[in-house]
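Line order of the protein sequences matches chains F and W. Take the first sequence: its position 136, counting from 1, is numbered 136 in this note's numbering, and each next residue is one higher. Take the second sequence: its position 1, counting from 1, is numbered 1001 in this note's numbering, and each next residue is one higher. Report on one structure; see the data block that follows.
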Amino acid sequence: MSIASVFDVALVALILTIGASAILVRTAFAAVVMFVVYGLLLSMAWVRLHAVDVALTEAAIGGGMTGLLLLGAVARSRSVNVDSVRVGYPLRLAAGALCALVAAGLAVAIFYPPAPVPTLAPMVMENLPPSGLGNPVAGVLFVFRALDTLLEKVVLLLALLGVWSLAPDHAWGGTPGLQVYARPDPTLIFLAQLLPPVGIVFGIYMCWVGAKDPGGAFQGGTVLAAMWLLVIVAGLQKAPAIGRLWLRVLLVTGPVLFLAIGLAGWVFADAFLAYPAGYAKPLIVAVEAALTLSIAVALGMLAAGPPVRAQQQ
Amino acid sequence: MSLVMDILTICAVSAGALFFLAGTVGLLRFPDTLTRLHALTKVDNLGLGLIVLGLLPQTSSVLFAVKLVFVWLLVQLSGAVVTQLIAGAVRHHGADG
């Protein structure tokens, strides 16, 4: 066995162990910590499978942003003491049975694949050059399956609306209550002043490079959101009131631009979400840039949570 | 020349791995939060530093080498800050806080 396969086997064993402990640990907080570790290990597995785009997304969204959202949920549910709530056996059995069913379905798909294995990869590589993109993943996301990508961004906005609708009536349009530290911590303030310039450049780079190398709007947007949240958590800047016009404009800019270019496709390229010949790459980069901003703002506001205070006039 | 580089890589990466091992043992065996943090910071600083140092001779371009050093610096920064935050929380609220 080569060193690489020893590493792979060890990685898989570690992922399974961490996954099991995320289910078995007693407290919600420990389960979230395990889930974040699980996400990071899983992104290493994607790197080993040469799916760097997926690895970046898994690390940014699966490990980082989802972990942050879950930590927020744990903190919010402290008042009801979530760890002492016992779930009944019927519900546990049902959840276990459904999960086992999903696992069995995946196992069948992996162990008994149809021969030949269906793949669209050669067609993607064949049809990629006219778009001017170098990254086949970006090609699939923005050229071949653009409708899925558009709807994915709309789903993000719907999720944000769901969080916002948890606001009590008097706080509607007010400021989210993200507060991790009671008093500002000098170390955290130092980090929040030092890291954002680096992170912002890195986020923009990830979005820009997505057209030809692994990267893209979602990964770049997550990094930008993380920098914004760092500044908010350190207390250097308050989370904006959700009624602000600039906030709402930024939130919809990406999807609206995407939709507008998609509709223009009917006039200039004979199909919805089609790009006129020769203009594909600049249009896609423009959409990606706008989407990066919208995703960053949406993720940041998702993590900041529902508004709790009325807007200060 | 490449032999010298390879020997340097093997020595530095092995030493780095040793620090990772020692740090992990410390994390598992030390009695309280602050001493465990002490063990972890050695892994961050020296362990990763030695591994990056060992990988530098194997890089194909200067840009790649700079990226590796940059990764090390970022881990240094986040490690130092997180250690401070955890230690601060322990000091204010006790180990359970």
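C-beta: ideal position from N, C-alpha, C; glycine also.
Around the CB of Thr222 (chain F), 16 or more other CB atoms lie within 10 Å, so the residue is classed as buried. Between Ala138 (chain F) and Gly210 (chain F), the C-beta spacing is below 9 Å. Taking the Cα of Gln311 (chain F) as reference, the smallest distance to any Cα among F:Phe190, F:Leu68, F:Gly215, F:Asp169 is reached at F:Asp169.
Per DSSP, Arg86 (chain F) lies in no beta strand (DSSP E) and is assigned neither H nor E. Phe144 (chain F) and Val1043 (chain W) have their C-alpha atoms some 45 Å from each other. DSSP places Val308 (chain F) in the uninterrupted beta strand (DSSP E) bounded by 307–309. Beta-bridge pairing by DSSP links Pro114 (chain F) to no other residue. Within the segment 185–197 of chain F, the residues whose Cβ lies closer than 8 Å to some Cβ of chain W are Asp185, Thr187, Leu188, Phe190, Leu191, Leu194, Leu195, listed in chain order. Remark: C-beta atoms of Gly174 (chain F) and Ala277 (chain F) do not approach each other more closely than 9 Å.
Inclusion of Lys238 (chain F) and Asn135 (chain F) in the CB contact set at 9 Å is not warranted, their separation being larger than that value. Per DSSP, the continuous alpha helix (DSSP H) segment holding Glu126 (chain F) begins and ends at 121–127. Relative to Leu229 (chain F), the option among F:Arg26, F:Pro116, F:Gly72 whose CA is nearest is F:Gly72. For Pro176 (chain F), the pairing in a beta bridge is given by DSSP as F:Pro307. Between Leu291 (chain F) and Phe258 (chain F), the beta carbon gap of about 7 Å places them in contact (Cβ cut-off 8 Å). Around the beta carbon of Gly1047 (chain W), 16 or more other beta carbons sit within 10 angstroms, so the residue counts as buried. Among the residues facing chain F, Leu1040 (chain W) is not included, as its CB has no counterpart in that chain under 9 Å away.
Between Ala60 (chain F) and Trp46 (chain F) the beta-carbon gap is near 12 Å, outside 8 Å, which marks them as no contact.
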